[in-house]
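Have a look at the structure below before the remarks.
There are 2 protein chains.
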Amino acid sequence: MALSEFDLIHRFFQSESLQCGQGVILGIGDDCALLNLRPGEQLAVSMDTMVSGVHFPVDAAAEDIGYRLLAANLSDLAAMGAEPVWFTLALTIPSVNESWLEGFSRGLAQLAGEFHLSLVGGDTTRGPLTLTVQVHGRIPVGQALRRDGAYAGDHIYVSGSLGDSAAGLALALNPPSLLSATDSYLLERFYRPTPRVEMGRLLRPYASAVIDISDGLLGDLQHILQRSHMGAELELQHVPLSEPLLATMPRQDALLKALTGGEDFELCFTVNPADEANMLRELQRLQVPLTRIGTITHRTGLRMALDGEEFSLPAHLGFQHF
Amino acid sequence: MALSEFDLIHRFFQSESLQCGQGVILGIGDDCALLNLRPGEQLAVSMDTMVSGVHFPVDAAAEDIGYRLLAANLSDLAAMGAEPVWFTLALTIPSVNESWLEGFSRGLAQLAGEFHLSLVGGDTTRGPLTLTVQVHGRIPVGQALRRDGAYAGDHIYVSGSLGDSAAGLALALNPPSLLSATDSYLLERFYRPTPRVEMGRLLRPYASAVIDISDGLLGDLQHILQRSHMGAELELQHVPLSEPLLATMPRQDALLKALTGGEDFELCFTVNPADEANMLRELQRLQVPLTRIGTITHRTGLRMALDGEEFSLPAHLGFQHF
Numbered sequence: 001m002a003l004s005e006f007d008l009i010h011r012f013f014q015s016e017s018l019q020c021g022q023g024v025i026l027g028i029g030d031d032c033a034l035l036n037l038r039p040g041e042q043l044a045v046s047m048d049t050m051v052s053g054v055h056f057p058v059d060a061a062a063e064d065i066g067y068r069l070l071a072a073n074l075s076d077l078a079a080m081g082a083e084p085v086w087f088t089l090a091l092t093i094p095s096v097n098e099s100w101l102e103g104f105s106r107g108l109a110q111l112a113g114e115f116h117l118s119l120v121g122g123d124t125t126r127g128p129l130t131l132t133v134q135v136h137g138r139i140p141v142g143q144a145l146r147r148d149g150a151y152a153g154d155h156i157y158v159s160g161s162l163g164d165s166a167a168g169l170a171l172a173l174n175p176p177s178l179l180s181a182t183d184s185y186l187l188e189r190f191y192r193p194t195p196r197v198e199m200g201r202l203l204r205p206y207a208s209a210v211i212d213i214s215d216g217l218l219g220d221l222q223h224i225l226q227r228s229h230m231g232a233e234l235e236l237q238h239v240p241l242s243e244p245l246l247a248t249m250p251r252q253d254a255l256l257k258a259l260t261g262g263e264d265f266e267l268c269f270t271v272n273p274a275d276e277a278n279m280l281r282e283l284q285r286l287q288v289p290l291t292r293i294g295t296i297t298h299r300t301g302l303r304m305a306l307d308g309e310e311f312s313l314p315a316h317l318g319f320q321h322f
Numbered sequence: 001m002a003l004s005e006f007d008l009i010h011r012f013f014q015s016e017s018l019q020c021g022q023g024v025i026l027g028i029g030d031d032c033a034l035l036n037l038r039p040g041e042q043l044a045v046s047m048d049t050m051v052s053g054v055h056f057p058v059d060a061a062a063e064d065i066g067y068r069l070l071a072a073n074l075s076d077l078a079a080m081g082a083e084p085v086w087f088t089l090a091l092t093i094p095s096v097n098e099s100w101l102e103g104f105s106r107g108l109a110q111l112a113g114e115f116h117l118s119l120v121g122g123d124t125t126r127g128p129l130t131l132t133v134q135v136h137g138r139i140p141v142g143q144a145l146r147r148d149g150a151y152a153g154d155h156i157y158v159s160g161s162l163g164d165s166a167a168g169l170a171l172a173l174n175p176p177s178l179l180s181a182t183d184s185y186l187l188e189r190f191y192r193p194t195p196r197v198e199m200g201r202l203l204r205p206y207a208s209a210v211i212d213i214s215d216g217l218l219g220d221l222q223h224i225l226q227r228s229h230m231g232a233e234l235e236l237q238h239v240p241l242s243e244p245l246l247a248t249m250p251r252q253d254a255l256l257k258a259l260t261g262g263e264d265f266e267l268c269f270t271v272n273p274a275d276e277a278n279m280l281r282e283l284q285r286l287q288v289p290l291t292r293i294g295t296i297t298h299r300t301g302l303r304m305a306l307d308g309e310e311f312s313l314p315a316h317l318g319f320q321h322f
């Protein structure tokens, strides 16, 4: 059945669960959306694209694609300490497949409902499956968590466990004929990452620098170090690895996944030791593990040790080109 | 040469001419951009995607693609009466072609410089050439020009001339071996549309409804009529057609291009006759033709006459599916 763009938008993208946000003066249906910030707030925006066959397998379930697309974007707001309010969607699809659209929209709506987001606009075009979301958050002026505030002596933390998503992607690309509980956990971590939005908000008074882990711990920590003009020492035996990950591969391989495999969407942050106890007390209620993995140093560069021995990455994992 | 995403962004998308906007607290290089509205302002956002081979020929010049992509988005802000300030870019490219990127970036920068826009963020991914831009404008609270304010008796105006872009697209798809001056004009109108940003701003106190013409006059006017719950009568002999368009095809064909061929990015707006003289006086300084083409009616539906005779579209031009 041929659908007009208007019908398609109305049918799949204007449900109540996609319209939970505040401050929407005018949403889908005019030349622009009109949005209101409250006095004393700044706007935080981030944009992510996912391409079929590049960022997810071509046979990925539409619902998972929708969920993951929005989760990845929300993770950027989380890393800023911003409160999500609105998003826009550029949907490029090869044809109008109603069951695909229905699933995709359901995946988006799950997260949008949970975080009280409104879909306020976007574009629908025909072409190779490519999805871009921009999220919009609000944050009191001056309270944003940036990458450039780490200072020598700050402790380096990560949330949750790392490497699961990279292992899940490997499973998604080569699915076993029978899924074990371990496989299911890792696939879920790839397709359904948890954006640490509330954690970011709670970190506002404590963290000196924050980033979300989307390129692997080492690559993302390097961004903090470069923007802050600092170095770091990591004790890799502390890097949090999940039981399911350790059940599927040797510890060294799991560690490499954690260090260089991206898209866990956990937070990596630095905190002054004087603020550490208050931070830990405040964040307890989230019941998400927080692990100290190292220390910021004046000396630039990143030095790593594993069980007391100096550690270097295998050369082929050292740098990722576009 | 392989470029990191960081290098690519730095080299092609952080030039001064792409950083002219105000209110940027934090631009490219953190998890989010941080942006400030001024007190009493609302945010207007719009997003557009262009896909190679769908929205422009696969062999289109990169500079033209960049220009047109941003122009189309700015046109949506113009139709809202908003002042452009920031944009984000999702760039999906099959490979890193430096001369293409250089041209594309130059096309963006021309318009960004002219309208004092900053490129504040986005994403760069590998995949089939697909480009999404979101523009962000600001507008004093309550002054946005919407689609839903047209009222019976209002006069319907369009800016510039219509149909040129559709004729230009036909030339772009089947370029003649030798370009005449007429051809060049029409191609320029396709690749380098002029977003009517200043016109939108000047229309704020006068227009009752505004839309930009991106789907053809009739389709876009229908959006105003539907949102305003009104009808219209058009006198098609007044629809402005350019000399170059009329030089390349019979008047009837030119008129059909104007009515149903999209992407002229002119403004179509309605104005109460009591405000008309002031509007015309104020907008004179733009030196852009404004043409009255009809009247809004209580009776819903769109009635058209050409030289006093009732006019209907050929059936195959009546409705466009996605």
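Protein chains in written order, with full-length UniProt numbering: chain V, 1 to 322; chain X, 1 to 322. Beta carbons: idealized from backbone N, C-alpha and C, even for Gly. What you are looking at is a predicted structure, and each value in this text was computed from that prediction instead of being measured.
For the pair residue 122/X and residue 213/V, the Cα-to-Cα distance works out to about 17 Å.
A Cβ-Cβ separation of about 26 Å leaves residue 270/V out of contact with residue 136/V under the 8 Å criterion.
Contact annotation: residue 134/V and residue 88/X have beta-carbon atoms nearer than 8 Å.
For residue 231/V, the enclosing beta strand (DSSP E) stretches over residues 231–235. Within the UniProt domain "PurM-like C-terminal" (152–304) of chain V, the runs of beta strand (DSSP E) at least 3 residues long that lie entirely inside it are, in chain order, 155–159, 207–212, 231–235, 267–271, 290–297. With a cut-off of 8 Å on Cβ pairs, the stretch 276–294 of chain X is in contact with the stretch 226–236 of chain X, counting three or more such pairs.
Comparing C-alpha distances from residue 56/V to each of 82/V, 287/V, 208/V, 172/V shows the shortest one belongs to 172/V. Between residue 273/X and residue 153/X, the gap from beta carbon to beta carbon is short of 8 Å.
Neighbours of residue 27/X in chain V, taken as residues at a C-beta separation under 9 Å, are lacking, since the least C-beta distance is about 11 Å.
Residue contact with chain V for residue 126/X: present (Cβ-Cβ distance below 8 Å to some residue of chain V). Taking 8 Å as the Cβ-Cβ cut-off, the stretch 9–39 of chain X approaches chain V at 25, 26, 29, 30, 31, 32, 33, 34, 35, 36, 37, 39, given in chain order.
Taking the Cα positions, residue 250/V is about 19 Å away from residue 304/V. When Cβ pairs closer than 8 Å are counted between the two stretches, the stretch 89–107 of chain V is seen to touch the stretch 63–77 of chain V, the count reaching three or more. Bridge pairing for residue 93/V: 126/V [DSSP]. When the five nearest sequence neighbours on each side are left out, the beta carbons in the same chain lying within less than 7 Å of the beta carbon of residue 58/X are those of 52, in order along the chain. The beta carbon of residue 199/V sits closer than 7 Å to the beta carbons of 78, 159, 267, 283, 286, 288 from its chain, once the five residues preceding and following it are set aside; these are given in chain order. Listed along the chain, the chain X residues whose CB falls inside 9 Å of the CB of residue 146/V are 26, 30, 31, 34. Taking 8 Å as the upper bound on Cβ-Cβ separation, chain X lies near residues 120, 121, 122, 123, 124 of the stretch 110–124 of chain V. Listed by position along chain X, the residues whose Cβ is nearer than 7 Å to that of residue 211/V are 31. Assignment of residue 134/X by DSSP, reduced to helix, strand and coil, places it in the strand class. Between residue 60/X and chain V, the shortest Cβ-Cβ separation is not below 8 Å. Scanning chain X for C-beta atoms nearer than 8 Å to the C-beta of residue 270/V yields nothing, as the closest lies near 14 Å away.
A Cβ-Cβ contact shorter than 8 Å links residue 20/X with residue 112/X. Contacts with chain X at 8 Å (Cβ-Cβ) include residue 80/V. In this structure residue 163/V is not in contact with residue 187/V, their Cβ atoms being roughly 14 Å apart against a cut-off of 8 Å. Distance from the Cα of residue 130/V is smallest, within the candidate group 255/V, 95/V, 80/V, for 95/V. By the criterion of a C-beta distance shorter than 7 Å, residue 14/V is surrounded in its chain by 28, once the five residues flanking it on both sides are discounted. Between residue 205/X and residue 280/X, the alpha-carbon positions lie close to 12 Å from each other. Using a Cβ distance threshold of 8 Å, residue 142/X and residue 85/X do not count as a contacting pair.
Identification of residues in the stretch 191–209 of chain V having a C-beta nearer than 8 Å to some C-beta of chain X yields an empty set. Annotation: residue 110/V is outside any beta strand (DSSP E); the continuous alpha helix (DSSP H) that includes it extends over 98–115. Between residue 259/V and residue 218/V, the CB-CB gap stays under 8 Å. Of all residues in the UniProt domain "PurM-like C-terminal" (152–304) of chain X, only 210, 211, 212, 227 place a beta-carbon less than 8 Å from a beta-carbon of chain V. Interface with chain V (8 Å Cβ-Cβ cutoff): residue 143/X is excluded. Assignment of residue 27/X by DSSP, reduced to helix, strand and coil, places it in the coil class.
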